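Colleague: Can you read through this structure? Questions will come right after.
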Amino acid sequence: MSTGVSPGMVYALVGNPNCGKTTLFNALTGLRQKVGNYPGVTIERKEGDCFSQHGVRLKLIDLPGSYSLNARSPDEAILRDVLLGRRSDTPRPQRIICVMDASNLERNLYLFTQVVELGLPVILVLNMIDVAESGGLRIDVPKLSERFGVPVVPMVASRKQGLVELKLAMSRADLPPPRALLDALPVPVRGALVRSREALAAAGVVSATASPLEPLYLISGNDPTHYGIDAAALAIIQNARAQLEREIPGWEDRMVSARYDAIMAAMDEVLHRPATASATLTDRIDGLLLHRVWGWLALGGMLAFLFYLIFSAVEIPMNAIEDTFRWLSGKIISWMAPGDFRDLLTDGVISGVSGVLIFLPQILLLFFFIGLMEDTGYMARVAFLMDRVMSRVGLNGKSFLPILSSHACAVPGVMSARSIESPRDRLITILVAPLAACSARLPVYLLLIAAMVPTGAVPPLFKAGMMLGLYAAGILAAFGFAWLFSSRLLPGKPSPLILELPGYKMPAFSSILRQMWSRAWMFIRRAGTVIMGLSILLWAASTYPKLPTSAGQEPDKSAALAHSMAGRLGHFIEPVLRPMGADWKIGVGLVSSFAAREVFVSSMSVIYSVEEQDGDDDDTLRGRLRDRLREEKRPDGSPVYTPALCVSLMIFFVFAMQCLSTIAVVRRETNSWKWALFQLAFMTGTGYLLAVAAWQAAHFLGL
Amino acid sequence: MGKTCQLSEMEAGTSAVIRSLPEGLPSLARLREMGLLPGTRLTFVRRAPLGDPLEFMVRGALLSLRGTEASLITVEVQP
Chain A
268 MSTGVSPGMV YALVGNPNCG KTTLFNALTG LRQKVGNYPG VTIERKEGDC FSQHGVRLKL
328 IDLPGSYSLN ARSPDEAILR DVLLGRRSDT PRPQRIICVM DASNLERNLY LFTQVVELGL
388 PVILVLNMID VAESGGLRID VPKLSERFGV PVVPMVASRK QGLVELKLAM SRADLPPPRA
448 LLDALPVPVR GALVRSREAL AAAGVVSATA SPLEPLYLIS GNDPTHYGID AAALAIIQNA
508 RAQLEREIPG WEDRMVSARY DAIMAAMDEV LHRPATASAT LTDRIDGLLL HRVWGWLALG
568 GMLAFLFYLI FSAVEIPMNA IEDTFRWLSG KIISWMAPGD FRDLLTDGVI SGVSGVLIFL
628 PQILLLFFFI GLMEDTGYMA RVAFLMDRVM SRVGLNGKSF LPILSSHACA VPGVMSARSI
688 ESPRDRLITI LVAPLAACSA RLPVYLLLIA AMVPTGAVPP LFKAGMMLGL YAAGILAAFG
748 FAWLFSSRLL PGKPSPLILE LPGYKMPAFS SILRQMWSRA WMFIRRAGTV IMGLSILLWA
808 ASTYPKLPTS AGQEPDKSAA LAHSMAGRLG HFIEPVLRPM GADWKIGVGL VSSFAAREVF
868 VSSMSVIYSV EEQDGDDDDT LRGRLRDRLR EEKRPDGSPV YTPALCVSLM IFFVFAMQCL
928 STIAVVRRET NSWKWALFQL AFMTGTGYLL AVAAWQAAHF LGL
Chain B
90 MGKTCQLSEM EAGTSAVIRS LPEGLPSLAR LREMGLLPGT RLTFVRRAPL GDPLEFMVRG
150 ALLSLRGTEA SLITVEVQP
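Sequences listed follow chains A and B, in order. Here the first sequence is numbered in the working numbering, starting from 268 and rising by one per residue. Here the second sequence is numbered in the working numbering, starting from 90 and rising by one per residue.
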């Protein structure tokens, strides 16, 4: 009797983007999955356990969606390297589950023709078979299975239909290696590949036993950056490629044609199309959502609704988080004796952690919407609508959403840039997205506008206009720098846009929620630890050294701050700040705002001794701070907060990078401190120079 | 024999068969892999509201590319 599959067998899930691979992965593994990152690249690495139909534990790796083993992006290089067993951190899969969208068999089979040549047993899953059938497609499953020599399982992964059949196939001990569609590689190509394999093996790039297919995918011309291949090996690979190109011109294009010829020959037997194609649901929805009038209205309406949620509905949980931490700090104050340790807990740890968590509702909501747009298929339509605009500044339509999301918070904005395949476009998007006016800038803008224009002196519309101007400045700055970077810093041909518009489908909420949570958790863990550490540091800087006080005397907070490290730092940097019109007190506020922008407001209240009173809401606190700012005088008796200074500070806040969470996330997403620090330098540098220019110009004009 | 033109010059709603794609261009290599080959039939679905990119139905999938790439591909319009 057959004993079935051996325990611990490693299966890889492979398929085109939008084939429902992740839905299947979730259906197979349930909660038994681990989401992490491939070291060195920010590509989600998903592994999980699942059980065969007979209860044997199997390992499952969900590989990034890809159109071809000829890698063209870091994601696709991961797929190639894992399937070829080239990554030391991931076991080489022993079997492959090739998932395809049944409505789109021809194109999906292209990757399959490459995968079957690897010699591993393959199970073919025809996902979303219901959609294909309702479109009138008939697929002869037994014939497909016979033709390729692989088990074929029709499925609807989102409804777990066909899951048992798939598990039964996975349980088989005797899964045969599949029959390749091409009889063999063309003889001259094969000869050339064998020779390049020898050269590569001699250099240690591939193992001596590697199949000739390994050089085939390594020397692919689609992979101009050669991800994961070191420079020494690159020369050998490029030589091999040049030689092959000389011997057999156009070999790569011819191989693609040969694969599609084989697929078409098989399709003649297997696939029966309806005589006349009727308009599908996707056609009808696109007729509306990509319409030159309704399309824009739909996009605008959806974004307006999203931003309404982000700026108003989310206030309830945000206030709840704030209240919880305030309550906690109150408890600590009542339980513990006064002292430095208590202050460390309340003013350092708690205020630091709450400063990060306060943005969590917004971040979760954004991730949810991004997931919803990706899952339904609308995201690709947004890129389609916006591509023309974004191409003006050297980016493509996929950069639109990250920059837009950054208006709420740059953290999810930067993270959502992952969906951009081109590494160059992705980097530029990450570099410019934090220029968008995020919600942490809002309280600072409100304070500065209030300090600048006396209430009642100008119509409220004027203030709204200023706010609009600040938002516009952020967008213009992001686009301007995108243009500058794409034409100067990272010149090179913009990668062509090839965008698939997947059929619309009902969103799988459990997958969306799971992804939302795992991304948010990454933010909490990474940014949270960094932020907490730095908040403690900032607390210490604004506390020590202490002002000597006599017993029983209430220390003057403002004087204590002036005496502390932060206060001294403010004095120390005053010469640098003077050209932009700021004094040392503003310097302290600016220094503290590098943890997070909104901290500026609370630091200014400490510096000017505007204490919070019971029953104060934010508006009255801000109002008293505003009045205090207006009273502030320079030593010569002139007011400090002139319109010129307010404008200078606003300009600084538009550009400067003052957010530890963003720096931490950019460091993570670009996998280098280099770009995170470059961003800090160019943003803050621009902010400073323009603020100085504004102040000096105002001075020159005698304002 | 239908009239030949560039892929970028088709009218919305019409179908065509690809006659030629220049060989050896990296920007077209991925399009080939996604099934745009000489002899492939496709339908021009629509232009984006701002004029670019263009949307085609190829082998049962909706694919969008920019005019720059589409102008490299010669097609024969089908009646």
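Beta carbons: idealized from backbone N, C-alpha and C, even for Gly. Note that this is a predicted model, so its numbers are computed, not measured.
In three-state terms, what does DSSP make of Arg-339(A)?
Modeller: If you number the first sequence from 1, residue 339(A) lands on position 72. Three-state DSSP puts Arg-339(A) in coil, outside helix and strand.
Colleague: Buried or exposed: which applies to Ser-269(A), given that a residue is buried once 16 or more other Cβ atoms fall within 10 Å of its Cβ?
Modeller: Counting from 1 along the first sequence, the entry for residue 269(A) is found at position 2. Note that Ser-269(A) has pLDDT 49, beneath the 50 cutoff, so the model's placement of it is unreliable and the number below is only indicative. Exposed, since its Cβ has fewer than 16 Cβ neighbours within 10 Å.
Colleague: When we look at the beta-carbon of Ile-583(A) and count the other beta-carbons within 10 Å, is it buried (16 or more) or exposed?
Modeller: Your numbering for residue 583(A) matches position 316 in the first sequence. Counting Cβ neighbours within 10 Å, Ile-583(A) comes out exposed, since fewer than 16 surround it.
Colleague: Determine, using beta carbons only, whether Leu-768(A) comes closer than 8 Å to chain B.
Modeller: Numbered from its first residue, the first sequence carries residue 768(A) at position 501. For Leu-768(A), the answer is yes, since a Cβ of chain B falls inside 8 Å of its Cβ.
Colleague: Considering only residues of the same chain and omitting the five flanking positions on each side of Met-733(A), which have a CB-CB separation below 7 Å?
Modeller: Stepping through the first sequence from its first residue, residue 733(A) is reached at position 466. Counting only Cβ-Cβ distances below 7 Å, and skipping sequence neighbours, we find Ile-716.
Colleague: Among Arg-130(B), Pro-115(B), Phe-145(B), which has the Cα closest to the Cα of Val-156(B)?
Modeller: Taking the second sequence and counting its residues from 1, one reaches residue 156(B) at position 67. Here residue 156(B) turns out to be Gly, not Val, going by the sequence shown. When each option's Cα is compared against that of Gly-156(B), the closest is Phe-145(B).
Colleague: In terms of alpha-carbon separation, which member of Gly-661(A), Glu-589(A), Ser-785(A), Tyr-712(A) lies closest to Leu-631(A)?
Modeller: The residue you call residue 631(A) lines up with position 364 of the first sequence. The shortest C-alpha separation from Leu-631(A) is found at Ser-785(A).
Colleague: Could you tell me if Ser-370(A) is buried or exposed, where buried requires 16 or more neighbouring beta carbons within 10 angstroms of its beta carbon?
Modeller: Counting from one through the first sequence, the residue named residue 370(A) turns up at place 103. Buried, since its Cβ has 16 or more Cβ neighbours within 10 Å.
Colleague: Which stretch, first to last residue, makes up the beta strand (DSSP E) that contains Met-146(B)?
Modeller: Counted from its first residue, the second sequence places residue 146(B) at position 57. Here the beta strand (DSSP E) through Met-146(B) covers 143-147.
Colleague: Grab the span of the alpha helix (DSSP H) containing Asp-550(A) for me, first residue to last.
Modeller: For the purposes of this step, residue 550(A) is taken as the residue at position 283 of the first sequence. Segment 548-556, the alpha helix (DSSP H) holding Asp-550(A).
Colleague: Rounded C-beta distance between Leu-801(A) and Leu-652(A)? I'm assuming under 8 Å.
Modeller: Taking the first residue of the first sequence as position 1, residue 801(A) is located at position 534. Taking the first residue of the first sequence as position 1, residue 652(A) is located at position 385. With 8 Å as the limit, Leu-801(A) and Leu-652(A) do not qualify as a contact, their Cβ atoms being about 40 Å apart.
Colleague: Starting from the beta carbon of Leu-126(B), find every residue of chain A whose beta carbon is closer than 8 Å, and list them in chain order.
Modeller: The sequence position of residue 126(B) within the second sequence is 37, counting from 1. Those are Val-523, Ser-524, Tyr-527, listed as they occur along chain A.
Colleague: Could you tell me the alpha carbon to alpha carbon distance between Arg-551(A) and Ala-542(A), rounded to whole angstroms?
Modeller: Looking up residue 551(A) in the first sequence gives position 284. Looking up residue 542(A) in the first sequence gives position 275. Each residue's alpha carbon lies about 20 Å from the other.
Colleague: Is Leu-131(B) close to chain A, meaning its C-beta is less than 8 Å from at least one C-beta of that chain?
Modeller: Residue 131(B) sits at position 42 when you count from the first residue of the second sequence. So, not an interface residue.
Colleague: With a threshold of 8 Å, are at least 3 pairs of Cβ atoms found where one atom belongs to the region 372-383 of chain A and the other to the region 278-293 of chain A?
Modeller: Verdict: yes, contact present.
Colleague: Using the C-alpha atoms, what's the distance from Gly-287(A) back to Leu-857(A)?
Modeller: Taking the first sequence and counting its residues from 1, one reaches residue 857(A) at position 590. Taking the first sequence and counting its residues from 1, one reaches residue 287(A) at position 20. Roughly 48 Å between the two C-alpha positions.
Colleague: For a test of the three-state rule: what should DSSP assign to Tyr-278(A), helix, strand or coil?
Modeller: Here residue 278(A) is taken as the residue at index 11 of the first sequence, counted from 1. Tyr-278(A): strand per DSSP, three-state reduction.
Colleague: Determine the chain B residues that contact Leu-652(A) at a beta-carbon separation under 8 Å, and present them in chain order.
Modeller: The residue labelled residue 652(A) in the question sits at position 385 within the first sequence. Within 8 Å Cβ-Cβ: Ala-137, Pro-138, Leu-139.
Colleague: Should Glu-100(B) be labelled buried (16 or more other beta-carbon atoms within 10 Å of its own) or exposed?
Modeller: As a working note, residue 100(B) is residue 11 in the second sequence. Exposed, because fewer than 16 other Cβ atoms sit within 10 Å of the Cβ of Glu-100(B).
Colleague: In the DSSP assignment, find the beta strand (DSSP E) that holds Ser-109(B) and state where it starts and stops.
Modeller: Locating residue 109(B) in the second sequence gives position 20, where the first residue counts as 1. Element bounds for Ser-109(B): 104-109.
Colleague: Measuring only the C-alpha atoms, how far is Arg-299(A) from Val-932(A)?
Modeller: Within the first sequence, numbered from 1, the residue matching residue 299(A) stands at position 32. Within the first sequence, numbered from 1, the residue matching residue 932(A) stands at position 665. The alpha-carbon atoms of Arg-299(A) and Val-932(A) are separated by roughly 27 Å.
Colleague: Checking the sheet assignment: what are the DSSP bridge partners for Leu-393(A)?
Modeller: Translated into the one-based positions of the first sequence, residue 393(A) becomes position 126. DSSP output for Leu-393(A) lists Met-367(A), Pro-421(A) as bridge partner(s).
Colleague: Which whole-angstrom value is the C-beta distance of Leu-757(A) and Leu-694(A), which I expect to be below 8 Å?
Modeller: The residue given as residue 757(A) occupies position 490 in the first sequence. The residue given as residue 694(A) occupies position 427 in the first sequence. Correct: roughly 7 Å between the Cβ atoms.
Colleague: Which same chain residues end up closer than 7 Å to Met-783(A) when comparing Cβ atoms and leaving out the 5 residues on each side of it in sequence?
Modeller: As a first step, residue 783(A) must be located in the first sequence, where it is residue number 516. Around Met-783(A): Leu-631, Phe-634, Phe-635, Gly-638.
Colleague: Counting only Cβ pairs nearer than 8 Å, list the residues of chain B close to Gly-562(A).
Modeller: Reading the first sequence from its first residue, position 295 is the one you call residue 562(A). Here the neighbours are Pro-138.
Colleague: Kindly indicate the opening and closing residues of the beta strand (DSSP E) around Thr-132(B).
Modeller: As a first step, residue 132(B) is located in the second sequence; it is residue number 43 there, counting from the start. It spans 130-136 - the beta strand (DSSP E) in which Thr-132(B) sits, taken as one unbroken run.
Colleague: Quick one: list the residues of chain A neighbouring Pro-168(B), beta-carbon separation under 7 Å, in chain order.
Modeller: Looking up residue 168(B) in the second sequence gives position 79. Result: empty, since nearest Cβ-Cβ is about 16 Å, beyond 7 Å.
Colleague: Roughly how many angstroms separate the alpha carbons of Gly-315(A) and Gly-275(A), rounded to a whole number?
Modeller: Position 48 of the first sequence holds residue 315(A). Position 8 of the first sequence holds residue 275(A). One C-alpha to the other measures close to 11 Å.
Colleague: Listed from N- to C-terminal order along the chain, which residues in the region 361-378 of chain A have their beta-carbon within a distance smaller than 7 Å of any beta-carbon of chain B?
Modeller: For the region 361-378 of chain A, which is checked against every Cβ of chain B, the residues closer than 7 Å are Ser-370, Asn-371, Glu-373, Arg-374, Tyr-377.
Colleague: Using a Cβ-Cβ cutoff of 8 Å, what residues of the region 323-344 of chain A are near chain B? List them in chain order.
Modeller: Those would be Tyr-334, Ser-335, Asn-337, Arg-339, in chain order.
Colleague: Relative to the C-alpha of Asn-375(A), which residue among Pro-906(A), Met-522(A), Leu-391(A) is closest?
Modeller: On the first sequence, position 108 is the one that residue 375(A) refers to. Residue Leu-391(A) is the option with its Cα nearest to Asn-375(A).
Colleague: Given this structure, state the Cα-to-Cα distance separating Leu-573(A) from Val-681(A), to the nearest angstrom.
Modeller: In the first sequence, the residue the question calls residue 573(A) occupies position 306. In the first sequence, the residue the question calls residue 681(A) occupies position 414. The alpha-carbon atoms of Leu-573(A) and Val-681(A) are separated by roughly 18 Å.
Colleague: Compile a chain-ordered list of the residues in the region 112-126 of chain B whose CB is closer than 7 Å to at least one CB of chain A.
Modeller: Hits within the stretch, in order: Glu-112, Gly-113, Pro-115, Ser-116, Ala-118, Arg-119, Leu-120, Arg-121, Glu-122, Met-123, Gly-124, Leu-126.
Colleague: Answer yes or no: does any C-beta atom of chain A fall closer than 8 Å to that of Gly-149(B)?
Modeller: If you number the second sequence from 1, residue 149(B) lands on position 60. Output row for Gly-149(B): interface = yes.
Colleague: Can you pull the chain A residues whose beta carbon is under 7 Å from the beta carbon of Ser-160(B), in chain order?
Modeller: Position 71 of the second sequence, counted from the first residue, corresponds to residue 160(B). Those within 7 Å of Ser-160(B) in chain A number zero; the least Cβ separation is about 12 Å.
Colleague: Looking only at C-alpha atoms, which of Phe-922(A), Asp-850(A), Gly-606(A) sits nearest to Phe-902(A)?
Modeller: By one-based count along the first sequence, residue 902(A) stands at place 635. In the sequence as displayed, the identity of residue 902(A) is Pro instead of Phe. The shortest Cα separation from Pro-902(A) among Phe-922(A), Asp-850(A), Gly-606(A) belongs to Asp-850(A).
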